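Student:
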Amino acid sequence: MIMNDLAAPGLTVDKGLQALLDTVAQDPTGPLAVGVAGPAGHGKTALLAELERIHRRAGIAVRTAAPEPDEPVDPDTVVLVDDAHLLDDARTEALLRLVAGRRHRLVVAHRPWPRSAAFSELVDALRRDGQAVLLTPFTREQTAAHLAATPELGRPADLVDFVHTQTAGVPRDVERLARGLAGAETRTGAMVDPPRSVILEFGPDLDVQPTAVRRLLLAVAAGGALPVSMLGALLGRDPAGVDELIATARAAGLLGADGRLAPIVRRAVATLSPTTERTAVWRRLTELQLARGGAVLPLVRSLLAVGALGDCPAATLAAAADEALADEPAFAAELFAAATAAGRPPNARQALAAALAGDLDDALRLADRLLATAAPPERSEAAVVAATALAHRGHVGRSVELFRWSGTASAAAFAIVGGLATGDPAATTEAPAGDPAGEPPTLHASAARLMANGVRESVTGPPTAALSALVQAAALLEPDGRAALLPDSPAALAALTAVHCGELEIAERVLHRALAAGVGGPLMARRHRLLQAWILMVRGEIHTAGEHLATVTLDGRPLESRDQLFAAAIRMGIGRRNSDLGALKRGWGQALEAVVRHPVDLFTVLPLGELAIAGARLGDLARLEPYLHQARALLDRLGDPPLWSVPLHWSGLHAAILTGEPTIADEHVAALLAAAGHSRYAAVVAAAAESWVEVLRGVVDPTRVEAAARGLHDTGLCWDGARLAGQAAIRTADRRAMTTLLECARALQGRASGGQSGQTPTTGASTARVAGPTQHGLSDREYEVAELVLAGLTYREIGDRLFISAKTVEHHVARMRNRLNCANRTELLALLRTLVADRASDTAGQPWPQRATR
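Count the sequence shown with the working numbering and you get residues 1 to 854, in order.
Right under this line is the structure:
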């Protein structure tokens with residue numbers, strides 16, 4: 001739509017209205033019978049002023065008042081009447097006679113309300129015998145055109161959006177806000193609220209309104225959809241009376257056609273209305289909404305937006321907090337706190353909101369107070385909150401006690417999970433008890449029972465049964481799990497179980513669904529994201545894992561002890577896989593602190609194993625030995641369940657390799673071989689472990705190594721598979737075997753498990769290393785060239801493999817020789833073999849002594 005600014009200040013018109021003005025300007029003496037309708041502030045007066053200017057410039061007389069009933073009017077005089085809706089019937093009928101005579105030229109401007117019978121007849125006559133014009137709010141383009149006429153403002157897009165949104169395009173309000181902003185220092189998107197001087201300009205508009213209209217505006221300012229019946233009860237009017245008040249407010253340009261207030265008007269109504277009147281209306285409104293069972297959260301949000309939350313009764317704040325609990329637990333906690341400040345005693349729901357929001361300090365403080373002072377039902381709910389918070393902080397034993405004391409079926413199931421986590425053998429046979437009070441089998445209760453069964457199966461039964469129960473439990477919570485307070489989520493335990501089974505795709509899907517459904521609220525969201533980062537790290541997608549890890553703490557809240565332990569293990573795992581010794585040294589202190597803060601339990605064996613490898617890499621494994629001993633003792637108490645013990649033995653093997661302890665490595669291999677029949681994952685890891693120690697002893701069977709490496713890859717241990725193949729390649733004297741294994745290592749490093757790949761092998765290898773710094777000044781491409789040179793390929797063959805010319809390969813080799821200060825090719829190859837070995841593996845040193853038996 002094309003807009004035009006006319007000479008009259010503040011007049012911005014669209015093409016239709018501009019056509020009318022152009023017609024009058026071209027033929028000022030032509031026929032003219034126009035009815036202009038529009039609420040106050042929509043430009044009626046400015047339009048009449050422009051018409052008066054056009055006619056006077058043409059030498060035509062203009063009359064700006066309606067004639068008396070018997071007063072003659074010169075046909076050559078143009079009659080321009082503003083606010084015609086205020087005329088009495090006699091003057092209205094006089095205008096009607098002028099229209100009916102069709103000899104006079106006149107323009108009648110009026111509001112859509114009030115409208116008497118005589119005035120309705122006049123409006124109909126103007127529409128029938130002349131032209132009807134309806135003035136509407138500005139479009140965004142018209143707002144931009146109006147602002148462009150103010151030199152101090154210009155028309156930046158963010159300013160246009162701010163003004164148009166605040167005013168809903170009402171021309172009077174656009175003009176007011178533009179004038180107020182012209183002298184303001186902030187004229188950009190940083191503008192949040194209109195200047196107070198602009199708000200004060202609405203005072204006269206509100207003061208002239210009847211009391212009932214002001215009360216209506218206050219009700220609408222509170223927000224939410226308000227039915228006529230509710231407004232009637234609030235204002236003491238029947239439906240027809242309510243409709244009349246709404247029409248009056250619309251005609252005054254204060255209420256939009258959609259029944260809403262523009263933000264600037266809403267702020268003015270809330271700010272400028274007398275405090276006693278505002279408080280009375282809003283209190284009564286919330287009482288009516290509560291009485292009819294309606295939602296009060298939209299009303300409370302609106303009151304908060306205008307800074308009037310203190311006008312809410314405590315009961316309203318508590319009801320709004322309950323409504324916000326599932327989707328916005330932090331906001332719910334604020335509302336509960338406001339209700340407490342308004343005189344309502346704290347309750348378990350307030351502690352629940354704090355816990356779901358991740359504020360475990362407040363949750364524990366409130367729950368502990370309620371445990372000591374509240375009535376029995378409240379004490380039971382408070383015990384569940386306290387137990388959950390303690391579980392997240394690593395005090396699982398105390399958590400189990402509180403869950404059992406609370407007496408509900410869900411809590412009994414969570415107690416079993418906690419008992420198994422701490423290695424309590426009795427928990428393997430304990431079944432979730434029913435609630436003596438007859439707790440209904442809700443989704444939450446059913447999920448808790450399945451959770452307990454799944455964890456018990458992970459210790460005593462086949463991994464498939466455990467994974468099935470936990471995935472089912474996770475699915476049960478997805479429809480309505482945002483307000484479910486959980487010591488651990490079934491999705492997290494299902495993901496851990498799937499990782500221990502080598503079913504990473506199942507783990508990824510269950511975590512994705514839990515995050516999408518918001519299961520457990522913000523309290524569990526971090527755990528779910530950390531496990532996603534763990535899976536990415538295990539797959540070898542190091543850079544993406546680091547990005548996921550970084551998102552976990554974006555909200556600025558400190559991690560609880562369990563999450564801190566996983567985060568530290570992921571950070572150290574990324575550093576180890578990048579061969580970034582500096583990162584390992586920098587993170588080791590934090591990792592040890594995380595281990596100390598969180599007591600060893602069944603569900604932290606995985607990160608503990610990763611930290612054991614990092615500790616061995618740093619030569620500081622002894623500081624972790626007491627915690628590893630606790631983990632082994634815990635597993636012994638549970639009968640050494642293979643699902644949980646296999647990953648610990650796998651980590652122990654690699655720690656023993658790094659510390660140069662063949663005997664301990666052989667013990668871990670023996671344990672893995674003994675558990676090989678438990679699952680496909682255990683069999684793959686056992687075969688890979690046996691192959692690994694053989695490689696370290698200088699026995700490289702390319703076929704066995706490649707099969708073991710591909711087995712690791714197919715179970716999700718992509719980086720480990722590539723590492724095994726690379727380690728074997730640099731330890732064999734058979735050039736053909738070296739070439740085969742190096743190619744296998746690059747292929748496994750460059751594609752995701754399951755055969756899905758978006759990269760070529762060489763590209764993937766480079767991507768997998770991109771997060772770590774390049775050592776000795778060699779680029780990733782030069783490392784690729786070095787690997788292929790060591791494999792015995794010619795420059796042409798290397799060029800064909802990397803899609804570069806043989807001459808470029810030659811230049812890469814020359815640069816490496818210069819950077820590494822090698823006197824000849826023999827010296828270069830010797831040094832490159834060392835560098836590639838360091839890059840491909842964390843291991844170093846001479847082959848191990850042969851085992852006495854095999």
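Note that beta-carbon positions come from the ideal geometry of N, C-alpha and C, so glycine has one too. Predicted model, so just to flag it, every value in this text is computed and none were measured.
Using CA atoms only, rank isn't needed, just tell me which of 355, 79 and 85 is closest to residue 328.
Tutor: Taking the first residue of the sequence shown as position 1, residue 328 is located at position 328. Comparing Cα positions, the closest option is 355.
Student: Tell me whether residue 829 is buried or exposed, calling it buried when 16 or more other Cβ atoms sit within 10 Å of its Cβ.
Tutor: Within the sequence shown, residue 829 is the residue found at index 829, counting from 1. Counting Cβ neighbours within 10 Å, residue 829 comes out exposed, since fewer than 16 surround it.
Student: If I measure Cβ to Cβ from residue 740 and keep anything under 6 angstroms in the same chain, skipping five residues before and after, which residues do I get?
Tutor: In the sequence shown, the residue the question calls residue 740 occupies position 740. Contacts found: 702.
Student: Assuming the contact rule is C-beta atoms closer than 8 angstroms, residue 146 and residue 178 should be a hit. Round their C-beta distance to whole Å, please.
Tutor: Mapped onto the sequence shown, residue 146 falls at position 146. Mapped onto the sequence shown, residue 178 falls at position 178. The pair is a contact, with the Cβ atoms about 7 angstroms apart (cut-off 8 angstroms).
Student: Closest to residue 393 by CA distance: which of 331, 350 and 601 is it?
Tutor: For the purposes of this step, residue 393 is identified with residue 393 of the sequence shown, where counting begins at 1. Comparing Cα positions, the closest option is 601.
Student: How would you label residue 547, buried or exposed, when you count the other beta carbons within 10 angstroms and need 16 or more for buried?
Tutor: Counted from its first residue, the sequence shown places residue 547 at position 547. By the neighbour-count rule (16 or more Cβ atoms within 10 Å), residue 547 is not buried but exposed.
Student: Ordered along the chain, which non-local residues of its own chain (more than five positions away) have a Cβ less than 7 angstroms from that of residue 114?
Tutor: The residue labelled residue 114 in the question sits at position 114 within the sequence shown. Cβ neighbours of residue 114 beyond the five flanking positions: 85.
Student: Buried or exposed for residue 457, going by 16 or more other Cβ atoms inside 10 Å?
Tutor: As a position in the sequence shown, residue 457 is number 457, starting the count at 1. So residue 457 counts as buried.
Student: For residue 132 versus residue 35, is the C-beta distance shorter than 8 angstroms?
Tutor: Position 132 of the sequence shown holds residue 132. Position 35 of the sequence shown holds residue 35. Cβ atoms of residue 132 and residue 35: closer than 8 angstroms.
Student: Using 8 angstroms as the threshold, is the C-beta distance between residue 262 and residue 163 below it?
Tutor: Position 262 of the sequence shown holds residue 262. Position 163 of the sequence shown holds residue 163. Going by C-beta atoms, residue 262 is not nearer than 8 angstroms to residue 163.
Student: Take the Cβ of residue 408 as the centre, count every other Cβ of all protein chains shown within 10 Å, and call the residue buried at 16 or more, exposed below.
Tutor: Along the sequence shown, one-based indexing puts residue 408 at 408. Residue 408 should be labelled buried.
Student: Does the Cβ-Cβ distance between residue 384 and residue 476 come in under 8 angstroms?
Tutor: For the purposes of this step, residue 384 is taken as residue 384 along the sequence shown, with counting starting at 1. For the purposes of this step, residue 476 is taken as residue 476 along the sequence shown, with counting starting at 1. Contact flag unset, no.
Student: Would residue 50 be called buried (16 or more neighbouring beta carbons within 10 Å of its own) or exposed?
Tutor: Locating residue 50 in the sequence shown gives position 50, where the first residue counts as 1. So residue 50 counts as buried.
Student: The alpha helix (DSSP H) spanning residue 658 covers which residue range?
Tutor: Your numbering for residue 658 matches position 658 in the sequence shown. Taken as a continuous stretch (DSSP letters only), the alpha helix (DSSP H) holding residue 658 covers 642 to 659.
Student: If you draw a straight line from the C-alpha of residue 64 to the C-alpha of residue 48, how long is it?
Tutor: The sequence position of residue 64 within the sequence shown is 64, counting from 1. The sequence position of residue 48 within the sequence shown is 48, counting from 1. Straight-line measurement puts the Cα of residue 48 at about 9 angstroms from the Cα of residue 64.
Student: With DSSP collapsed to three states, give me the class of residue 16.
Tutor: One-based indexing of the sequence shown puts residue 16 at position 16. The DSSP-derived three-state label of residue 16 is helix.
Student: Would you mind sorting residue 289 into buried or exposed? The rule is 16 or more other CB atoms within 10 Å of its CB.
Tutor: What you label residue 289 is simply residue 289 of the sequence shown in a count that begins at 1. Under this definition residue 289 is a buried residue.
Student: Check each candidate in 111, 419, 287 and 78 and name the one with the smallest Cα separation from residue 635.
Tutor: For the purposes of this step, residue 635 is taken as the residue at position 635 of the sequence shown. With distances taken between Cα atoms, residue 635 lies closest to 419.
Student: For residue 820, which of helix, strand or coil comes out of DSSP?
Tutor: One-based indexing of the sequence shown puts residue 820 at position 820. Looking at residue 820 - three-state DSSP - the assignment turns out to be coil, as it is neither helix nor strand.
Student: Taking buried to mean at least 16 other C-beta atoms within 10 Å of its own C-beta, is residue 277 buried or exposed?
Tutor: Here residue 277 refers to the residue found at position 277 of the sequence shown. Exposed, because fewer than 16 other Cβ atoms sit within 10 Å of the Cβ of residue 277.
Student: Pull up the distance between the alpha-carbon of residue 352 and that of residue 341, whole angstroms please.
Tutor: Numbered from 1 along the sequence shown, position 352 holds the residue referred to as residue 352. Numbered from 1 along the sequence shown, position 341 holds the residue referred to as residue 341. C-alpha separation (whole angstroms): 18 angstroms.
Student: Residue 33 lies in the beta strand (DSSP E); which residues open and close that run?
Tutor: Your numbering for residue 33 matches position 33 in the sequence shown. Run containing residue 33: 33 to 37, per the beta strand (DSSP E) assignment.
Student: Going by beta carbon distance, what residues of the same chain come within less than 8 angstroms of residue 812, once the five residues before and after it are set aside?
Tutor: As a working note, residue 812 is residue 812 in the sequence shown. Hits under 8 angstroms: 781, 782 and 785.
Student: Mapping DSSP to helix, strand and coil, what is residue 79?
Tutor: Against the sequence shown, residue 79 aligns to sequence position 79. Note: residue 79 maps to strand in three-state DSSP.
Student: Note down, one range per segment and in chain order, each beta strand (DSSP E) of at least 3 residues found wholly within the segment 54 to 98.
Tutor: 78 to 81
Student: Which residues in the same chain as residue 453 place their Cβ atom closer than 6 angstroms to its Cβ, once the five residues preceding and following it in sequence are excluded?
Tutor: Position 453 of the sequence shown, counting from 1, holds the residue named residue 453. Here the set comprises 469.
Student: With DSSP collapsed to three states, give me the class of residue 630.
Tutor: One-based indexing of the sequence shown puts residue 630 at position 630. Residue state, collapsed to three classes: helix.
Student: What does the alpha-carbon distance come out to for the pair residue 692 and residue 532?
Tutor: On the sequence shown, residue 692 is found 692 positions in, with the first residue counted as 1. On the sequence shown, residue 532 is found 532 positions in, with the first residue counted as 1. The alpha-carbon atoms of residue 692 and residue 532 are separated by roughly 28 angstroms.
Student: What's the gap between the Cα of residue 612 and the Cα of residue 697?
Tutor: Translated into the one-based positions of the sequence shown, residue 612 becomes position 612. Translated into the one-based positions of the sequence shown, residue 697 becomes position 697. Between residue 612 and residue 697, the C-alpha separation is close to 23 angstroms.
Student: Evaluate residue 771 with the Cβ neighbour count: other Cβ atoms within 10 Å of its Cβ, from every protein chain shown; 16 or more gives buried, anything less gives exposed.
Tutor: Along the sequence shown, read from residue 1 onward, the residue named residue 771 stands at position 771. In this prediction, residue 771 has a pLDDT of 31, which is less than 50 and means its spatial position is unreliable; nothing more can be read from the coordinates.
Student: If you run the structure through DSSP and keep just helix, strand and coil, what is residue 624?
Tutor: Counting from 1 along the sequence shown, the entry for residue 624 is found at position 624. The answer is coil: DSSP assigns residue 624 none of H, G, I, E or B.
Student: Secondary structure at residue 774, three-state DSSP: helix, strand or coil?
Tutor: Here the question's residue 774 lines up with position 774 in the sequence shown. Only weak support is given to the placement of residue 774: the predicted model assigns it a pLDDT of 43, under 50, and the value that follows is read from those uncertain coordinates. Reduced to three states, the DSSP call for residue 774 is coil.
Student: Three Cβ pairs or more, each shorter than 8 angstroms: is that satisfied between the segment 558 to 574 and the segment 520 to 534?
Tutor: yes
Student: According to DSSP, simplified to helix, strand and coil, what is residue 163?
Tutor: Locating residue 163 in the sequence shown gives position 163, where the first residue counts as 1. For residue 163, the secondary structure class from DSSP, reduced to helix, strand or coil, is helix.
Student: Taking contact to mean at least 3 C-beta pairs separated by less than 8 angstroms, is the segment 51 to 59 in contact with the segment 23 to 30?
Tutor: yes
Student: If you drop the 5 nearest sequence neighbours on each side, which residues of the same chain put their C-beta closer than 6 angstroms to that of residue 654?
Tutor: The sequence position of residue 654 within the sequence shown is 654, counting from 1. The residues are 613.
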